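**Q** One structure is given below, represented as structure tokens, and several questions about it will come after.
Residue numbers (our numbering): 442 to 663.
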């Protein structure tokens, strides 16, 4: 797994990546300046259900901060997938460089668009919320924290020697995977504690987690 590949270049970074990192830092700096409490609130909401529910009620007060946090997640997540594709020399549709990154970013956004649409469809079919609003909020909440936690590792990965890149990619994969597992376990726990039947929880996971991922993998394997 992650076997070294002989390459003429010494880093996986490309010129446009510096602009992505600069944009991410600008968004975080703006958020820190305009909404200084959002970082601590984000951290506490991920680990504390009571704070999460309180934050949900107050959410409309700081939509721009959340928009930037979401943008950071999509950009950082797309860079991780892009670097993995480049490392393994996988080129969907024959694309490379910034165009490959754009395709990955589009697919990643599509996953969460499908999730959001899926939540609305399930709510409509079930004629009720059944904890889905909290589930959806928890998904984006953990994503926002994931983007912040993964950012420094992604920067090191982009400019690390290729001989070390496999270790960074492994750390990124494990960290991101653990955050996803935590998100799923927390969602299941919250649903069970809210009295949601196990059948509906299984249905949520298949529809809102597995299906969007399959769509994205299919798109990237063209």
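Just so you know, even glycine gets a beta-carbon here, dropped at the ideal spot from N, CA and C. Please read all numbers here as calculations on a predicted model, not as lab measurements.
Quick check: the Cα distance between residue 575 and residue 610, rounded to an integer number of angstroms?
**A** Using only the alpha carbons, I get a separation of about 31 Å.
**Q** At a Cβ threshold of 8 Å, is residue 572 touching chain D?
**A** The structure shown contains no chain D; it holds only a single protein chain.
**Q** On the CB-based measure, 16 or more other CB atoms within 10 Å of its CB, does residue 470 come out buried or exposed?
**A** Burial call: exposed.
**Q** Using a Cβ-Cβ cutoff of less than 7 Å, which residues in the same chain neighbour residue 448 once the five nearest sequence positions on both sides are dropped?
**A** Residue placement at residue 448 is poorly supported in this model, since its pLDDT is 43, which falls under 50; the coordinates are not used for a value here.
**Q** With a floor of 4 residues, list each alpha helix (DSSP H) that falls wholly inside the segment 492–550, ordered by position along the chain.
**A** Taking only runs of at least 4 residues, the alpha helix (DSSP H) segments lying wholly in the segment 492–550 are 504–528.
**Q** Smallest Cα separation from residue 508: which of 524, 481, 453 and 476?
**A** Selected option, being the one with the closest Cα: 476.
**Q** Would you kindly work out how many angstroms separate the C-alpha atoms of residue 617 and residue 523, rounded to a whole number?
**A** Each residue's alpha carbon lies about 14 Å from the other.
**Q** Find the nearest neighbour of residue 590 within the set 510, 577 and 492, judged by alpha-carbon distance.
**A** Nearest of 510, 577 and 492 to residue 590, Cα basis: 510.
**Q** What does a CB cutoff of less than 7 Å around residue 596 pick up in its chain, not counting 5 residues either side in sequence?
**A** Same-chain partners within the cutoff: 462.
**Q** With a threshold of 8 Å, are at least 3 pairs of Cβ atoms found where one atom belongs to the segment 517–531 and the other to the segment 544–557?
**A** Segments in contact, yes.
**Q** Around the Cβ of residue 457, are there at least 16 other Cβ atoms within 10 angstroms (buried) or fewer (exposed)?
**A** Flag for residue 457 reads exposed.
**Q** Look at the Cβ atom of residue 583, then the Cβ atom of residue 556, and state whether they are nearer than 8 Å.
**A** Cβ atoms of residue 583 and residue 556: not closer than 8 Å.
**Q** Hey, how far is the Cα of residue 497 from the Cα of residue 491?
**A** Approximately 10 Å between the Cα atoms of the pair.
**Q** Pick helix, strand or coil for residue 601, following the three-state DSSP scheme.
**A** Looking at residue 601 - three-state DSSP - the assignment turns out to be coil, as it is neither helix nor strand.
**Q** Report yes if the C-beta distance between residue 455 and residue 535 is below 8 Å; otherwise report no.
**A** No; because the gap between Cβ atoms is not below 8 Å, this pair is not in contact.
**Q** Rounding to the nearest angstrom, what Cα-Cα distance links residue 530 and residue 512 in this structure?
**A** Answer to the nearest angstrom: the Cα atoms are 26 Å apart.
**Q** Taking the straight line between their C-alpha atoms, what separation do you get for residue 488 and residue 630?
**A** Cα-Cα distance, rounded: 13 Å.
**Q** In angstroms with no decimal places, state the Cα-to-Cα distance between residue 578 and residue 620.
**A** Cα to Cα, residue 578 sits roughly 15 Å from residue 620.
**Q** Taking residue 479 as the reference, give the member of 636, 504, 467 and 464 with the closest Cα.
**A** When each option's Cα is compared against that of residue 479, the closest is 504.
**Q** Here's a check: name, in chain order, each residue in its chain whose Cβ is nearer than 7 Å to the Cβ of residue 525, leaving out the five neighbours to either side.
**A** Counting only Cβ-Cβ distances below 7 Å, and skipping sequence neighbours, we find 610.
**Q** What does a CB cutoff of less than 7 Å around residue 573 pick up in its chain, not counting 5 residues either side in sequence?
**A** The answer, listed in chain order, is 560, 563 and 564.
**Q** Would you mind stating whether residue 613 and residue 594 have Cβ atoms separated by less than 8 Å?
**A** Cβ atoms of residue 613 and residue 594: closer than 8 Å.
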